[in-house]
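Undergrad: Residue numbers (my numbering), protein chains in the order written: chain A, 10 to 32; chain B, 290 to 639.
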């Protein structure tokens, strides 16, 4: 799969989502 | 004599045309002949040695069996349950001398830890959780996760179980406002947990903070998918799902398991690999388990089917034997053994 199928990919998705999600 | 009666079972492998084998190595027969509800493996210290044992569960008992040479199993302990029936075994991966069980009727009402107290020289069963429990899973590092209660006040809780079988620490996880069907650890990410919901969403939690990080649709092709295993690689979340509610009349073409890749940042997903039955075979999954790169399912035909997740094809089929249809299938915790159970309490080790 490529970025175009799934959108921009981040290797640090877990940390980034943890910072963005409500506490 | 028993060994003589046990003959290897070979199964023609499916799509590759190669012959693969499931070799019967031993058989446990529960002398009580009570109906079997679950089977599992657990590490237990036997005569000072950490040994991989088998657990069998009927509605009224859970028994621990230790291996004996050659190809024999000996029952060591039996926990009795007189008030609420046993529904399932809930193993805690990498835990020795302790296992959890779920008790209830149609729904789980109680989770208990089973152990043997050397000090008091007796078998113990200690309550870890009570309530209307919808989904439960044992995670690494002595953790037990469960969802409990009706949708409007659903509670999701992570409990650390002590060596003595007691609640040591607990953390509330944010509920996803949809009934959770199943949980799966994310391999290699100790603080990540995924779950699937009745609305066919995949949810991700942070187990350190209890945050609900994301709710993502996994498509409308199959309702109420069950997550079995997940791992994260190159920024994507790979999840192995099963589809117990696939339409019966479409079961010949439906995958029994499916691996999807999902981008947690965008919630976009694609199918990576369908795990289908070989041509000419049809069936719907009744229950199954994924461990390592192996998946196994009991089909409504009473056959067990096995897949290699990396190869992508069915590697073995185990049709019902002379004793009856299969009702349970589990992978051993250590080696590549497969435990196949029948309703009469018989367990065959392949």
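For glycine and all other residues, C-beta sits at the position ideal for the given N, C-alpha and C.
Taking the CB atoms as reference points, tell me whether residue 436(B) and residue 423(B) lie closer together than 8 Å.
TA: Yes, these two residues count as a Cβ contact at 8 Å.
Undergrad: Going along the chain, which residues of its own chain have a beta-carbon closer than 6 Å to the beta-carbon of residue 335(B), five neighbours each way excluded?
TA: Result list for residue 335(B): 355, in chain order.
Undergrad: Thinking just about the alpha-carbon of each residue, which of 514(B), 403(B), 363(B), 374(B) is nearest to the one in residue 326(B)?
TA: Selected option, being the one with the closest Cα: 374(B).
Undergrad: Determine, using beta carbons only, whether residue 486(B) comes closer than 8 Å to chain A.
TA: Cβ-Cβ to chain A under 8 Å: no for residue 486(B).
Undergrad: Does residue 582(B) pass the burial test, meaning 16 or more other C-beta atoms within 10 Å, or should it be called exposed?
TA: Under this definition residue 582(B) is an exposed residue.
Undergrad: When you compare each of 360(B), 358(B), 368(B), 385(B) to residue 337(B) by their alpha carbons, which one comes out closest?
TA: Closest by alpha carbon: 385(B).
Undergrad: Would you verify that the beta carbon of residue 504(B) is, or is not, closer than 8 Å to some beta carbon of chain A?
TA: Not closer than 8 Å to any Cβ of chain A, the Cβ of residue 504(B) fails to qualify, so no.
Undergrad: Should residue 605(B) and residue 311(B) be called a contact, given that it needs their Cβ atoms to be closer than 8 Å?
TA: Yes, these two residues count as a Cβ contact at 8 Å.
Undergrad: Hey, out of 389(B), 549(B), 512(B), whose CA is closest to residue 535(B)'s CA?
TA: Closest option to residue 535(B), Cα to Cα, is 512(B).
Undergrad: Measuring CB atoms only, is the stretch 551-558 of chain B touching the stretch 587-597 of chain B, in the sense that at least three cross pairs come out at less than 8 Å?
TA: Contact between the stretch 551-558 of chain B and the stretch 587-597 of chain B is absent, because fewer than three Cβ pairs lie under 8 Å.
Undergrad: For my contact list, residue 588(B) and residue 575(B) are in at a C-beta cut-off of 8 Å; report their separation, rounded to the angstrom.
TA: About 7 Å separates the two Cβ atoms, so the contact holds.
Undergrad: Looking at chain A, which residues of the stretch 549-569 of chain B have a Cβ within less than 9 Å of any of its Cβ atoms?
TA: Residues 550, 551, 552, 553, 554, 555, 556, 557, 558, 559, 561.
Undergrad: Expressed to the nearest angstrom, what Euclidean distance is found between the alpha-carbon atoms of residue 578(B) and residue 618(B)?
TA: Cα to Cα, residue 578(B) sits roughly 7 Å from residue 618(B).
Undergrad: Considering only C-alpha positions, which residue in the set 460(B), 603(B), 527(B), 459(B) is nearest to residue 491(B)?
TA: Of 460(B), 603(B), 527(B), 459(B), the residue nearest in Cα terms is 527(B).
Undergrad: Residues in the stretch 516-539 of chain B with C-beta within 9 Å of chain A's C-beta atoms, listed in sequence order?
TA: So the list reads 521, 523, 524, 525, 526, given in the order they occur along the chain.
Undergrad: Roughly how many angstroms separate the alpha carbons of residue 613(B) and residue 485(B), rounded to a whole number?
TA: If I take the Cα positions, the gap works out to 33 Å.
Undergrad: Taking the alpha carbon of residue 429(B) as the point to measure from, which residue in 379(B), 461(B), 403(B) has its own alpha carbon closest?
TA: The option with the nearest alpha carbon to residue 429(B) is 379(B).
Undergrad: For a quick check, are the C-beta atoms of residue 323(B) and residue 638(B) less than 8 Å apart?
TA: No, the pair does not count as a contact, with Cβ atoms beyond the cut-off.
Undergrad: Beta-carbon separation of residue 502(B) and residue 427(B) under 8 Å?
TA: No.
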